[in-house]
Amino acid sequence: MTIEELKIKLTELQPSVTYEEGGEFININVGAADLLSFMQQLRKDSSLFFDYLFCLTCLDWKTHLTMVYHLTSTQYRHNMVVKVKLDRGNPEIETVSHIWRTAEFHEREVYEMFGVNFLNHPDLRLLILPDGWEGKNPLRKDFEDPVNMIKL
Amino acid sequence: MWSFSDISNSIHEWLSGNFNPTWTLIIEMVLAGVAVIGLFAVLGLVLVIMERKVSAWMQIRLGPNRVGPKGIFQSLADTVKLIVKEGMTPAGADKFLFNLAPFIAMIVTMLLLAPIAFAGNFQLWDINIGVLYVSAISSLSVISVLMAGWASNNKYSLLGAMRSGAQIVSYELSAGLSVLAIVVLAGSLQVSDIVGSQADGWWIFKGHLPVWIAFVTFIIAVTAETNRAPFDMAEAESELTAGFHTEYSGMKFALFFLAEYVNVFIVCAIGATLFLGGPIPLHIGSWEGFNHAMDYIPSSVWFFGKTFFLIFLIMWFRWTFPRLRIDQLLNLEWKYLLPISMINLLLVTAMAILKWHL
Amino acid sequence: MYRETEIVKDFTATGEGGDMIINVGPQHPATHGVLHLVITLNGETIKKVEPHLGYIHRSIEKMCESLSYRQFIYVTSRMDYLSAHINNHACALCVEKGLQVEIPERAKVIRVLMDELTRIASHELWWGAMAMDLGAFTPFFHAFRERETINDIMEETCGARLTMNYMVPGGVMQDIHPNFQKRVKDFLQLYKRKIHEYDELVTGNVIFQNRMKGVGILSAEDAISYGCTGPVARGSAVSCDVRKVYPYEIYDKLEFDEILETGCDSFARYLIRIREMNQSIRIIEQLIDNIPTGDFQAKTKAVLKLPKGEFYTRVETARGELGVYIVSEGGTTPYRIKFRSPGFSNLSVLDKIARGGKIGDLIAMMGTLDLVIPDIDR
């Protein structure tokens with residue numbers, strides 16, 4: 058499917074999505090509330106069949122957080138990026154780990170690095186940070202560590 | 610001709626001439642004890658350096674080459690290091706059992722040296738149930754392993770000990786059955802009788818197929834019994850770090866280590882005695898000249914040559930094969946080796962009754 | 012604030028129903044680094060494997076946010092140190108994508124040659140380490156015999172043996188050494204003379220096959236769902252070689268096969284890597300005599316500035332798909348970098364495939380997943 062066809066198809070699925078220009082993949086903005094149903098459709102729809110979540114991460118834009126899901130289909134080889142804006146103070150989003158199992162580890166990483174709370178995640182615990190980690194989320198922009206961080 | 614038996618006889622005569630019989634016996638026992646301890650240490654050192662050289666040869670590297678010519682004193686230096694090292698006992702360990710275990714391993718190994726015929730007519734103790742004695746005592750070595758594993762209070766050690774327990778108990782059976790094959794043929798449990806029965810040909814040559822089967826089973830079983838790779842489940846470095854001796858350090862570790870090597874020597878010595886004629890030289894049919902020349906080689910050289918050949922074989926296994934998994938290990942014994950040895954024992958018995966081997 | 016992981020500190024602790032809980036790592040001979048697995052055992056049978064990461068977490072992603080586009084590439088050599096070239100390559104490609112620089116043909120060929128040499132070196136080390144996990148020590152030294160030759164080639168051209176830092180945005184750092192072609196050909200000769208030893212020593216061994224076959228079954232659906240890539244996924248017949256699917260550099264012009272095995276078990280994953288080495292040799296053979304003349308580096312500005320936007324590249328490292336995701340705000344440093352490391356996703360499947368196996372199986376499976384811990388922790 059070409060990018061244009063994909064766009065038409067995706068708008069059919071979820072009329073409320075908006076597109077973002079730039080980048081080699083289609084960038085789609087989805088509301089946090091719609092994410093789960095939208096993702097399930099992406100995975101299940103036989104003409105889309107996005108069965109492989111190859112990257113899951115988060116961006117800190119200082120005013121808000123953005124969850125970024127990179128999806129591809131091993132059958133059709135088309136790619137897309139789903140973005141979800143989150144409130145920075147209390148970021149909460151539904152987990153996608155039951156759709157793509159790889160999200161389980163990636164979400165745990167995002168949970169500790171950005172403090173995003175994934176609802177209904179099966180095993181949301183610290184993965185990389187040590188026990189008893191106090192303080193802020195390391196990959197947020199306002200993280201300060203006077204001992205270990207060297208300003209260049 | 611110069612031989613060990615002449616030396617021992619002359620010592621005995623000299624002692625008998627100068628002391629009364631009680632003192633003679635006591636002095637001879639002390640001498641034997643010193644000899645066993647010396648042999649234990651020397652064998653350990655020699656086998657460690659041998660293993661390192663053999664492994665280096667197989668792994669296209671040089672091996673130890675710094676201490677002494679070609680590195681032959683390396684294991685001596687290692688021993689000195691291990692002796693001066695602090696022997697630590699973990700806080701949670703059962704201190705008494707933890708410290709006792711390496712000594713049991715060592716004592717068992719030393720006891721096993723008693724009935725071995727190192728040369729013609731040169732034995733510490735020619736007990737009339739020699740072979741039975743060896744299998745009985747060698748099964749005690751599992752106690753030291755279990756003791757070490759349990760007393761260390763470490764889960765790796767415990768797992769290693771449990772594996773080792775299952776393994777040694779299982780492989781004892783086929784080792785025993787394959788030894789029994791020779792006992793049936795020789796008609797005696799006494800080591801000197803078994804050696805004597807091979808004067809006209811080693812069992813491996815005159816025993817036909819059943820003895821070969823027994824020999825192969827024996828080698829596999831004793832490799833497993835001494836916890837050597839590919840059956841080193843008890844240590845399993847990549848799985849259980851070091852298995853039952855994970856918590857041991859310094860000389861206590863060295864005792865386990867030495868006991869393992871001396872155990873290898875002993876099982877190979879038994880194998881050489883039972884199957885390869887022990888101190889009996891190689892004779893080929895009617896080649897008078899050849900046979901005569903072979904007779905000139907001292908019997909101790911024959912014995913040690915055969916033993917070290919078997920040791921090399923076991924080392925070869927270790928540096929070639931990957932390790933088995935615990936269930937495969939037990940399957941191999943209970944599903945293959947044990948039935949084979951049992952049927953083989955029947956064959957051997959039939960052969961002995963029908964006198965095919967003569 | 013956080014829900015914490017529970018690390019077993021009491022050595023006599025038992026789980027539910029008296030299950031034995033064991034810490035494998037962070038210091039353990041089989042984890043090849045500081046991986047920490049908490050495994051729940053029933054006797055010798057594994058009931059659960061729980062990885063705990065972070066023992067070598069250096070926060071490379073955070074570090075890169077304060078480094079320039081030229082500098083950050085050097086840090087990435089320390090991620091998957093066994094495919095340092097390929098990591099550098101991915102980053103260089105991503106920066107070039109942002110800058111829209113076309114790099115000279117010569118640089119492309121050199122990059123591909125280096126990538127493939129790295130891949131062989133990485134697989135050789137894996138082969139030795141994997142055999143060592145199974146208790147055979149000798150293969151390790153045999154593998155190093157060939158690997159050292161590659162390292163020598165690298166040293167001559169790049170000046171380093173492990174963290175090469177050879178790829179820069181726009182091409183490669185310097186031209187290849189005059190001896191390069193000759194030494195690579197020598198290596199090819201050596202490799203072809205010795206490769207049969209690998210099969211004789213390990214692949215054909217009965218004990219080895221018994222330990223690998225039918226162990227660690229990973230279905231194709233699970234492999235995709237867990238995000239497995241590289242030889243792990245291809246062992247389950249999932250076609251995922253980035254070199255074929257999304258070709259970069261000159262891979263679309265080269266003749267090589269994507270190796271797929273349908274065994275889905277540890278042995279399939281083992282065979283994939285062995286056969287992949289031969290494909291890498293094929294690629295090197297096609298290129299070594301055909302290195303085009305010309306520049307080895309495109310002209311780039313001294314200070315690189317990427318336009319505002321998001322850039323994603325993926326390459327095939329020895330372990331699988333490495334994704335580099337750069338978010339730029341138009342400055343001289345990236346606003347955010349995410350490395351999608353192959354090891355991280357491959358590790359997540361360990362619990363799935365290890366359950367029900369024995370401890371020995373777990374070690375063998377970890378070997379076939381080819382985990383490099385700095386790659387997982389980043």
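Residue numbers (my numbering), protein chains in the order written: chain A, 58 to 209; chain B, 610 to 967; chain C, 12 to 389.
Built from N, CA and C at the ideal position, the CB exists for glycine as well.
Cβ of residue i within 8 angstroms of any chain C Cβ
{"i": "T54(A)", "result": "Residue 54(A) falls outside the range modelled here, since chain A spans only 58 to 209, and no answer is possible."}
{"i": "E149(A)", "result": "no"}
{"i": "G146(A)", "result": "no"}
{"i": "R670(B)", "result": "yes"}
{"i": "T929(B)", "result": "yes"}
{"i": "L933(B)", "result": "yes"}
{"i": "Q799(B)", "result": "no"}
{"i": "D199(A)", "result": "no"}
{"i": "T159(A)", "result": "yes"}
{"i": "M610(B)", "result": "The predicted model places M610(B) with a pLDDT of 47, which falls under 50 and marks its position as unreliable; any figure quoted below should be read in that light. Output row for M610(B): interface = no."}
{"i": "T850(B)", "result": "yes"}
{"i": "A959(B)", "result": "no"}
{"i": "P839(B)", "result": "yes"}
Whole-angstrom distance between residue j and residue i, CA atom to CA atom
{"i": "Q972(B)", "j": "A961(B)", "result": "An answer regarding residue 972(B) cannot be provided, because it is not within the stretch 610 to 967 covered by chain B."}
{"i": "L110(C)", "j": "H63(C)", "result": "38 angstroms"}
{"i": "W911(B)", "j": "Q220(C)", "result": "39 angstroms"}
{"i": "M903(B)", "j": "S909(B)", "result": "13 angstroms"}
{"i": "M697(B)", "j": "N762(B)", "result": "14 angstroms"}
{"i": "A775(B)", "j": "L939(B)", "result": "8 angstroms"}
{"i": "S783(B)", "j": "L648(B)", "result": "29 angstroms"}
{"i": "A959(B)", "j": "A790(B)", "result": "11 angstroms"}
{"i": "V876(B)", "j": "D276(C)", "result": "38 angstroms"}
{"i": "R158(A)", "j": "R661(B)", "result": "47 angstroms"}
{"i": "A838(B)", "j": "F827(B)", "result": "15 angstroms"}
{"i": "Y262(C)", "j": "M170(A)", "result": "36 angstroms"}
{"i": "M12(C)", "j": "L183(A)", "result": "The predicted model places M12(C) with a pLDDT of 44, which falls under 50 and marks its position as unreliable, so this point remains unresolved."}
{"i": "S617(B)", "j": "F731(B)", "result": "8 angstroms"}
{"i": "I752(B)", "j": "A700(B)", "result": "22 angstroms"}
Boundaries (first-last residue) of the beta strand (DSSP E) holding residue i
{"i": "V49(C)", "result": "H47 to N53"}
{"i": "L720(B)", "result": "From DSSP, L720(B) is part of no beta strand (DSSP E) but of the alpha helix (DSSP H) over K704 to L721."}
{"i": "R158(A)", "result": "Unbroken run through R158(A): none, as it is neither H nor E."}
{"i": "H207(C)", "result": "Careful: H207(C) lies outside any beta strand (DSSP E), inside the alpha helix (DSSP H) at F191 to Y209."}
{"i": "E61(C)", "result": "T56 to H63"}
{"i": "D372(C)", "result": "Careful: D372(C) lies outside any beta strand (DSSP E), inside the alpha helix (DSSP H) at I370 to L380."}
{"i": "I32(C)", "result": "M31 to V35"}
{"i": "E151(A)", "result": "E149 to E151"}
Any C-beta of chain B under 8 angstroms from that of residue i
{"i": "A118(C)", "result": "no"}
{"i": "D144(C)", "result": "yes"}
{"i": "P62(C)", "result": "no"}
Beta-carbon contacts of residue i that lie in its chain and below 7 angstroms, excluding the five residues immediately before and after
{"i": "M756(B)", "result": "L706, L709, A710 and I713"}
{"i": "S88(C)", "result": "A95, N98, N99, T174, M175 and N176"}
{"i": "S779(B)", "result": "L939, E942 and W943"}
{"i": "V253(C)", "result": "R325, V326, E327 and E332"}
Own chain partners of residue i with C-beta closer than 6 angstroms, once the 5 adjacent residues on each side are dropped
{"i": "M610(B)", "result": "Reliability fails at M610(B), whose pLDDT of 47 lies under 50, so the model's placement of it is uncertain and the value that follows must be treated cautiously. Nothing listed; no residue qualifies."}
{"i": "I131(C)", "result": "M288 and S291"}
Any chain A beta carbon closer than 8 angstroms to residue i
{"i": "F355(C)", "result": "yes"}
{"i": "I384(C)", "result": "no"}
{"i": "H100(C)", "result": "no"}
{"i": "R122(C)", "result": "no"}
{"i": "D393(C)", "result": "The question about residue 393(C) has no answer, for chain C in this structure spans 12 to 389."}
Range of the contiguous alpha helix (DSSP H) that encloses residue i
{"i": "N221(C)", "result": "V217 to M223"}
{"i": "V957(B)", "result": "L947 to L963"}
{"i": "C105(C)", "result": "A95 to L110"}
{"i": "N872(B)", "result": "G859 to F884"}
Same chain only: Cβ atoms within 8 angstroms of residue i, ignoring 5 sequence neighbours per side
{"i": "T850(B)", "result": "Y765"}
Minimum length 4: unbroken alpha helix (DSSP H) runs contained in the stretch 303-333 of chain C: none
Whole beta strand (DSSP E) elements within the stretch 126-164 of chain C, 3-residue minimum: none
Complete beta strand (DSSP E) runs within the stretch 761-821 of chain B (minimum length 3 residues, chain order): none
Sequence ranges, beta strand (DSSP E) only - wholly within the stretch 157-181 of chain A, length at least 3: 174-176
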